[in-house]
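Undergrad:
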Amino acid sequence: MAAVESGWTVVGLDNSGSRVEKLNCGHSPVEDISNETLANALNSGSYRASSNFEDISNADVVTICVPTPLDEKKLPDLSALRAATNSAAPFLKNGALLVSESTSYPGTLRNEVIPIVEKNRRTGTKQLFFATAPERVNPGDEVWNQKNTPRLVSGIDKESHDKAIDFYKSICDAVVSVETPEIAEAAKLLENTFRLVNIGLINEFTKLCGPAGIDVNKVVTAASSKPYGFMPFRPGVGVGGHCIPVDPLYLTWWAKQNNLAAPMVELAEKTNSEMHKYVANRALELVPCNKKKSRILLLGVAYKAGVSDVRETPVSHLREHLTHLGHTVEWIDSLVPIWEETKPTNDLQGFDVAILAVNQPELPIVELQEMGTPILDCTNSYPGQSGIRTL
Ligand SMILES: NC(=O)c1ccc[n+]([C@@H]2O[C@H](COP(=O)([O-])OP(=O)(O)OC[C@H]3O[C@@H](n4cnc5c(N)ncnc54)[C@H](O)[C@@H]3O)[C@@H](O)[C@H]2O)c1
């Protein structure tokens, strides 16, 4: 849509037929793009979705932004990136620019994408151009979007670089020219690893402060008064979504490929992925009379506030852990209608404790307070309120 708004004619290629159909009917699957914005683009003829890779044969610029998740062994899974590149390659026209926007380890453009294109390109295409421009999107962010978020861009050679810079300048307010694709790819991993490690640090700090009766959120607020050298991170149930829990493991994998290690990243990942156990213990401390089998209400289950996305949500581990301990767990989330094939509860009666895991809109905090249900607030949204403990 950023490209559409900048005057480009755009085809959204997707191998999911149902997604293409929905898009062409004006149903946006992306929370930050309204149906109205999509409909305007469709009606003006500047956008349409398609499953037909032949559409690439008219394109001056092709951006690949398919998922780059982890496999079941928590290793990088580039199968979608390889498949999309493979599908696109035979249709690239002479002089086309192919940009990899998917997050991946350094060397992906040079050693994965380009060789696939070289093997499958149309005979007769004299020159193709290649660049990387890692996607920087923060779903649910009302301030930072595709247009106003500075974009890292780097081409495989000078001509590719210049073409890519020109393209992103046409759709973004600020383009940051980076010397090599590997620097851009590594920078993307650094951005999210930085967050993983700092969240890990603050989660560890929380486990030290809690037993000493110190409210870690008050500590973070106090430390934040320092005008230099400190950046606040808050504790929580863990990390979720498709970036922070995933991208740092691309980094640790890449390190191992080079016979190196990233122990600090591994430890932060372990600290965050075990945080739900600490949260469970803190919540169970609030259950009156040490009941062995409690009824527990989870408030907010998406991976972060303001979104309906439950991919990699750490609240899954919390539910699994509490259920494994023998407790009954129900949940509410105004933005999530179904979670792991379960529906939210509509009855607030009889819970021994509620855990505010993600501060979604319209959660029944006041009702629970009035019923006297103790609440553990993992989000620091209700500091100092009666009946509510912070993490
Ligand atoms: N979503 C974010 O918040 C975000 C932020 C920064 C970076 N990223 C990165 O951007 C990339 C895309 O992530 P996403 O969350 O937008 O992905 P997504 O899960 O929303 O998938 C995007 C689309 O790719 C399609 N697809 C999958 N394989 C395909 C193929 N072979 N050919 C054509 N289409 C195919 C899917 O059907 C889907 O509609 C990832 O590398 C991710 O790490 C995402």
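Okay, so the sequence shown: first residue is 767 according to this note's numbering, each after it adds one. Glycine is no exception: its CB is placed at the ideal position from the N, C-alpha and C atoms.
1) I need the straight-line Cα distance from S868 to L847, nearest angstrom please.
2) Would you mind stating whether V963 and A1034 have Cβ atoms separated by less than 8 Å?
3) Using the rule of at least 16 other Cβ atoms within 10 Å of the residue's Cβ for burial, across every protein chain shown, is P1080 buried or exposed?
4) So the alpha helix (DSSP H) R785 belongs to, where does it begin and stop?
5) Taking its Cβ as the centre, do 16 or more other Cβ atoms sit within 10 Å of K1022, making it buried, or is it exposed?
6) Got a sec? Which residues, its chain only, sit under 6 Å from H1008 by beta carbon, not counting five neighbours each side?
7) Whose CA, out of L1084, S1074, N1025, lies closest to the CA of H1042?
8) In whole angstroms, give me the CA-to-CA distance for Y934 and I949.
9) K892 to E884, Cα distance in whole Å?
10) Near A1071, what residues of its chain come up, given a Cβ to Cβ distance below 8 Å and the 5 sequence neighbours on each side ignored?
11) Provide the residue span of the alpha helix (DSSP H) that contains F960, from first to last.
12) G966 and T1037 look like a contact to me (Cβ under 8 Å); what is the Cβ gap, rounded to whole Å?
13) So what does A815 bridge to, in DSSP terms?
14) Ligand 1 heavy atoms versus the CB of L779: any closer than 7 Å?
15) Here's the rule I'm using: 16 or more other beta-carbon atoms within 10 Å means buried, otherwise exposed. How should S1082 be labelled?
16) So, for V1053: in the same chain, excluding its five sequence neighbours on each side, which residues have a beta-carbon less than 7 Å away from its beta-carbon?
17) Tell me whether F857 is buried or exposed, calling it buried when 16 or more other Cβ atoms sit within 10 Å of its Cβ.
18) For D1143, which beta-bridge partners are listed by DSSP?
19) Between the C-alpha atoms of A953 and G873, what's the straight-line distance to the nearest angstrom?
20) Run through the segment 1060 to 1098 for me and flag every whole alpha helix (DSSP H) of 4 or more residues, listed as ranges in chain order.
21) Per DSSP, what kind of secondary structure is I830 in: helix, strand or coil?
22) If contacts are defined as beta-carbon pairs under 8 Å, then N969 and P1001 qualify, I think. What distance do you get, rounded to the angstrom?
23) Taking all protein chains shown into account, decide if E1136 is buried (16 or more other Cβ within 10 angstroms of its Cβ) or exposed.
24) Between C791 and ligand 1, is there a pair consisting of the residue's CB and a ligand heavy atom that are separated by less than 7 Å?
25) Is E896 buried or exposed, if buried means 16 or more other CB atoms sit within 10 Å of its CB?
26) For the beta strand (DSSP E) that V941 lies in, which residues bound it at each end?
27) Between the C-alpha atoms of E787 and S817, what's the straight-line distance to the nearest angstrom?
TA: If we stick to the structure as given:
1) Answer to the nearest angstrom: the Cα atoms are 8 Å apart.
2) yes
3) buried
4) 783 to 790
5) By the Cβ-count criterion, K1022 is exposed, with fewer than 16 other Cβ atoms from all chains shown falling within 10 Å of its own Cβ.
6) Contacts found: R1077.
7) L1084
8) If you take the alpha carbons of Y934 and I949, they lie about 17 Å apart.
9) 11 Å
10) G906, V1124, N1125, Q1126, T1145
11) Element bounds for F960: 947 to 975.
12) 4 Å
13) Answer is G778.
14) Yes, Cβ of L779 sits closer than 7 Å to a heavy atom of ligand 1.
15) buried
16) S1060, D1118, V1119
17) buried
18) L1122, T1156
19) 12 Å
20) 1081 to 1090
21) Secondary structure of I830 (DSSP, three-state): strand.
22) 5 Å
23) E1136 is exposed by the Cβ-count criterion.
24) no
25) According to the sequence provided, residue 896 is Phe. The question's Glu does not apply to it. Flag for F896 reads buried.
26) 941 to 943
27) 9 Å
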